[in-house]
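One structure is given below, encoded as structure tokens.
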Amino acid sequence: MEQMIEILNNLHPEIDFMTCKTLIDDKILDSFDIVSIVTEINNEFDVAVPAEEIVPENFNSAQALQAMVDRLLDD
Amino acid sequence: MSFVSSGFILFLSVLFILYYAVPKKAQWLLLLIFSCVFYAFAGIQFLSYVVLAAFTAWFTTGRMHKVQLEQSEYLKIHKSEMSRDDKKVYKTRMKKRQRLWLIIALIATIGMLAVVKYTDFMIANINTVLSAFKSQTSISFLNIALPLGMSFYTFQTVGYIIDVYRGKHPPEKNYLKTLLFVSFFPQMIQGPISRFSDLAPDLFGKHQFAADQFAMGVQRILWGFFKKMVIADRVLAAVNTIFQEPSAYRGTYVLVGMVFYALQLYADFTGGIDITIGIAQSLGIGLKENFERPFFAKNTAEYWRRWHITMGTWFRDYIFYPLSVSQPMLKLSTGARRRLGTALGKRVPVYLATIIVWFTTGLWHGASWNFVVWGLLNGLVIIISQEFTPFYDWFHKKFAVSERLWFRMFQVFRTFFLMSSIRLLDCYRDVGLTFKQYVSMFTEFGLQVFIDGSLLKLGLNTADYLILLIGTFMLISVSMIQRSGSVRENIARKPLLLRYAMFALLFVVIIIFGAYGIGYDANQFIYNQF
Amino acid sequence: MSQIGKKKLIVINAVALVVIFAVLLFLQELMMPKFMTEIPEGALISEYYEHKGDNDVILIGDCEAYESVSPVTLWEDYGVSSYIVGSAQQLIWQSYYLLEEVLRYEKPEVVVFNVLAMQYDEPQSEPYNRMSIDGMRIGLPKIKSALASMLPEETLASYMFPLLRYHSRWQELEQEDWEYLFKRDQKSHNGFLMRVDVRPVETVPKGRVLADYNFGENSWKYLEMMTELCRENDIELVLMKAPSLYPYWYPEWEDQIEEYARDNDLLYLNYLELADDIGIDFSQDTYDAGLHMNLSGAEKISEHLGHVLQQNYDLQDRRNEADMIAKWQPKVDFYYNMRAAQYDDLEKYGYLKNFGGRPPETIKE
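For the record, the sequence lines run as chains A, B and C.
To convert a position in the first sequence, counted from 1, into my numbering, add 3.
To convert a position in the second sequence, counted from 1, into my numbering, add 304.
To convert a position in the third sequence, counted from 1, into my numbering, add 1.
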């Protein structure tokens with residue numbers, strides 16, 4: 004989880020990612036950010052996020068992102 | 305059949321009456337029949353393209369789904385005896401089988417679009433190359449007529465096929481329902497590009513007549529007609545004058561044309577979408593909004609999140625994301641990071657994907673180089689402004705102006721000007737000419753055009769300008785109010801009589817001030833022949 | 002909305018629709034051209050409805066019909082009640098459907114059709130379509146006439162709701178549009194457009210050489226339909242060609258009409274050939290150098306036409322019928338008053354300022 008927060012903080016230092024649950028709905032993350040996150044996840048967690056996983060439910064919060072990564076790792 | 309025709313009004317009236325008269329479970333069938341009739345009006349031969357596209361989608365998604373069912377069945381039975389790696393291998397194998405159908409489907413649907421829309425463009429380019437080599441031979445054009453709305457329904461179909469492939473939802477089992485999804489007539493001409501999961505429940509559902517919903521729909525249709533007929537079709541005269549004779553209309557005229565074209569395109573496109581969404585709403589069907597006050601955007605990326613939204617999200621979900629998170633791209637990214645450093649390296653895949661997306665977007669808008677250049681310029685502007693982010697951050701930290709009204713207005717005007725400049729490529733349809741004209745706007749600028757009556761020689765008289773001024777003022781006002789809530793819901797809360805008066809007034813305004821029909825000219829009656 | 006009862010809601014809806022409809026109707030009346038101060042030929046067709054009924058003779062056709070025969074003369078000299086349902090460049094199918102329209106209201110003994118319209122086989126011009134069709138009341142003949150006459154850029158809807166055609170006239174509204182919102186002045190004398198001025202024939206332009214002198218298929222079709230319609234209704238159809246020197250009436254055309262009249266046992270009166278016999282003087286009897294008859298020319302033709310019709314078709318002299326006298330006396334008065342007024346105009350201005358005339362210096366030779 005810390006790793007994930009760090010990835011996000013690098014993109015938007017001004018956001019409190021521990022509490023924010025509306026990263027997509029409030030348009031905090033744009034499509035460039037999302038691709039950066041996927042690339043970072045690929046680097047840090049060594050897991051490929053397929054395009055179909057890029058949906059608001061998976062990217063709205065750090066927790067959701069982490070849950071997605073865990074699920075993909077588990078698969 | 306154009307939206308702006310008495311035939312279409314009649315068509316729509318008959319549909320509305322029948323729609324709420326037939327048994328509820330037959331409503332979708334009625335929509336299908338009317339969609340086919342609508343299409344047949346454009347050309348009965350075009351109907352076959354739609355029927356075929358829908359068949360491709362229906363057949364291939366059915367096959368994919370069979371594989372998906374087989375997989376879940378198999379996994380359920382063999383769950384305990386399979387290791388994680390076994391499962392992975394099995395899943396990959398099954399995914400491959402699905403992918404085969406996906407590829408067939410994409411080749412068939414996009415292939416059809418490519419052949420019909422882009423063959424002549426390719427031939428033209430090959431001929432250019434041939435003549436550059438002094439070759440005497442040239443290939444003749446196919447001159448295939450582009451079926452109505454093909455770009456739109458092809459994208460909608462492709463999105464549907466990919467969503468089934470991704471397991472987002474099961475496919476539609478009924479071919480006729482698939483056909484309706486592909487051919488639903490209100491969105492045929494200019495979108496929005498709908499997703500199956502959004503549209504299907506409403507499209508195939510049963511709808512009881514609800515007076516307030518219906519009235520809201522009709523109100524939206526009227527508003528669309530107002531934009532199209534009173535504003536867009538009126539300013540069109542001046543737009544045509546300016547852009548059809550580039551050598552005569554240079555300098556300041558280019559600026560005037562740019563602004564007029566922005567108004568015309570906005571009023572025409574959003575008006576058409578209002579009519580589309582209004583029709584759907586009258587039928588009890590919700591469609592996604594396609595515009596969100598785009599001219600209030602403060603930068604290009606934001607503009608494109610607000611203009612033609614369903615197209616933007618289509619490109620994002622089906623091209624930009626898959627491309628930029630694909631294995632080759634990720635490898636490219638890792639390689640680039642090693643060579644160029646992290647900061648620069650991680651931009652490579654994103655920017656590459658951006659350029660490809662905008663190249664495709666340009667090509668999708670039209671099969672010619674001016675559209676490709678138009679698309680690439682949009683992509684370029686977005687990338688540049690992304691690169692400027694650190695500078696902007698520094699600037700805003702140093703000068704706290706970002707919340708000031710004048711600065712926000714500056715941003716809005718800057719974006720408007722930039723987008724309108726790029727849009728000139730769409731007006732002149734020739735890259736070289738566009739740049740020449742654009743340069744003349746700066747080198748030959750003069751204010752005399754605004755005061756010496758030149759503007760009255762563009763095909764608009766004083767009354768026309770007055771209507772345009774009032775109409776534009778209304779557009780802007782509605783947009784301003786929209787920022788703090790729905791104008792329509794506000795109106796819905798007003799007393800019935802007041803609402804009626806507003807309806808009637810809008811209707812009369814369209815009838816009287818719409819730019820349609822044969823302009824009456826008493827001079828034609830001068831008695832010289834009989 | 003829920004507080005409002007269902008019944009009340011229906012009433013509100015109905016009232017609102019009626020009000021909107023009334024407003025649109027008002028706007029339509031306002032925007033439609035009135036043809037009161039200029040181009041009086043635009044007002045002709047709608048005037049028929051005020052004079053419909055009890056006409057022994059109906060004349061149909063283009064300008065040659067409404068400029069060449071004077072119903073008042075027919076009445077004064079022969080006691081024949083007649084009306085000219087004529088309009089500028091009336092195409093033959095328009096004539097046919099106007100005849101259908103007339104038959105909804107009355108059944109004349111004789112219908113006279115001016116054959117110049119045979120030259121047009123296809124729709125010609127939107128403004129002239131309007132002058133022939135807009136004046137008709139809404140009904141099947143009007144719809145059929147519009148459908149047969151429309152040019153590609155026209156729509157049926159705009160004939161049913163002319164507001165769709167004239168809506169942009171809000172920019173050009175003049176005093177006459179308000180003044181004549183709900184009333185019209187009488188412009189014609191039972192369809193006859195009076196002109197007392199004279200512009201003699203100086204040169205007669207030669208007819209252009211045509212590629213094909215045969216009348217078109219469509220023209221024949223409607224002439225046959227017209228013949229049939231008259232036969233069905235026991236009406237005598239008479240063909241007529243006014244003595245206009247131009248547009249040129251080709252001998253080949255004459256032959257075809259003569260043959261058709263013979264084959265169908267119709268009376269055909271060619272006043273180009275009869276001109277000398279009835280005393281038409283082209284230096285006195287035309288107001289535009291031979292295109293159209295002026296009052297004196299029209300009266301001469303009427304003299305002859307009335308005689309021929311009465312001889313051939315046994316038309317009653319109705320000058321002893323009290324209700325007919327009551328009906329015609331105001332028309333006769335109007336006729337002579339206008340004649341006097343036109344002479345006044347000529348004296349005062351040198352041209353028919355108030356009767357659709359143009360100053361001589363603006364007329365191209």
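For every residue, glycine included, the Cβ atom is placed at its ideal position computed from N, Cα and C.
Sequence-distant residues of the same chain with beta carbon closer than 6 Å to B/Q833, five excluded per side: Here the model assigns B/Q833 a pLDDT of 38, short of 50, so the residue's position is not dependable and the matter cannot be decided.
Residues within the region 147 to 162 of chain C neighbouring chain B, beta-carbon criterion of under 8 Å: E154, E155, T156, L157, A158, S159
Interface residues of chain B facing A/V41 [CB-CB closer than 9 Å]: Y625, S628, V629, L634
C/F114: first and last residue of the uninterrupted beta strand (DSSP E) it sits in: 111 to 115
Beta-carbon gap between B/V753 and B/T556 smaller than 8 Å: yes
Whole-angstrom distance between C/P206 and C/Y249, CA atom to CA atom: 8 Å
Beta carbon of B/G582 nearer than 8 Å to that of B/I525: yes
Option nearest B/V462 by Cα separation, candidates B/L772, B/M492, B/N431, B/F500: B/F500
Proximal residues of chain F, C-beta to C-beta of A/D33 below 7 Å: Checking the listed chains, one finds no chain F in this structure; the protein chains it contains are A, B and C.
Beta-carbon neighbours of B/S310, restricted to chain C and to distances below 7 Å: T156, A158
Given C/Q29 as reference, the closest of C/S159, C/A44, C/T363, C/L296 once Cα atoms are compared: C/S159
At least three beta-carbon pairs within less than 8 Å, the region 54 to 61 of chain C to the region 335 to 342 of chain C: no
Where C/K242 falls: helix, strand or coil (DSSP): strand
Reference B/S442, options B/D572, B/A428, B/Y622, closest by Cα: B/A428
Straight-line gap, B/V341 to B/F312 (C-alpha atoms, nearest Å): 11 Å
Proximity winner among B/I579, B/L335, B/V560, relative to B/M533 (alpha-carbon distances): B/I579
Exposure of B/G561, with buried meaning 16 or more beta-carbon neighbours within 10 Å: buried
Counted within 10 angstroms of its Cβ, other Cβ atoms place C/L194 as buried (16 or more) or exposed: buried
Sufficient close CB pairs (3 or more, under 8 Å) joining the region 144 to 155 of chain C to the region 103 to 121 of chain C: no
Spatial distance of B/F307 from B/S630 (CA atoms): 42 Å
Where the beta strand (DSSP E) containing B/V308 begins and where it ends: Neither: B/V308 is in no beta strand (DSSP E) and is coded neither H nor E.
Under 8 Å between C-beta atoms of B/Y469 and B/F485: no
Any non-hydrogen atom of the ligand NAD closer than 7 Å to C/G54 Cβ: The ligand content of the structure shown is nil, which means the ligand NAD is not present either.
The beta strand (DSSP E) enclosing C/S83, as first and last residue numbers: 83 to 87
Unbroken beta strand (DSSP E) run spanning C/N271, endpoints: 268 to 271
Short-range partners of chain C found in the region 804 to 825 of chain B, where Cβ spacing is below 9 Å: Y804, A805, F807, A808, F811, V812, I815, I816, F817, G818, A819, Y820, G821, I822, G823, Y824, D825
Cβ pair count under 8 Å reaching 3, the region 210 to 217 of chain C against the region 292 to 300 of chain C: no
Residue-level contact to chain B via CB, C/E127, 8 Å cutoff: yes
Cα-Cα separation, C/L238 to C/P360: 39 Å
From C/P72, C/M161, C/Q120, C/V81, residue whose alpha carbon lies closest to that of C/Q90: C/Q120
B/I497, DSSP secondary structure in three states: coil
Continuous beta strand (DSSP E) stretch holding C/L60: start and end: 58 to 62
Secondary structure of C/T204, DSSP reduced to three states: coil
Distance between B/P694 and A/T22 (C-alpha atoms, nearest Å): 26 Å
Cβ-Cβ distance between C/A290 and C/P244 below 8 Å: no
Nearest residue (CA-CA) to B/G649, options B/I659, B/L636, B/A657: B/L636
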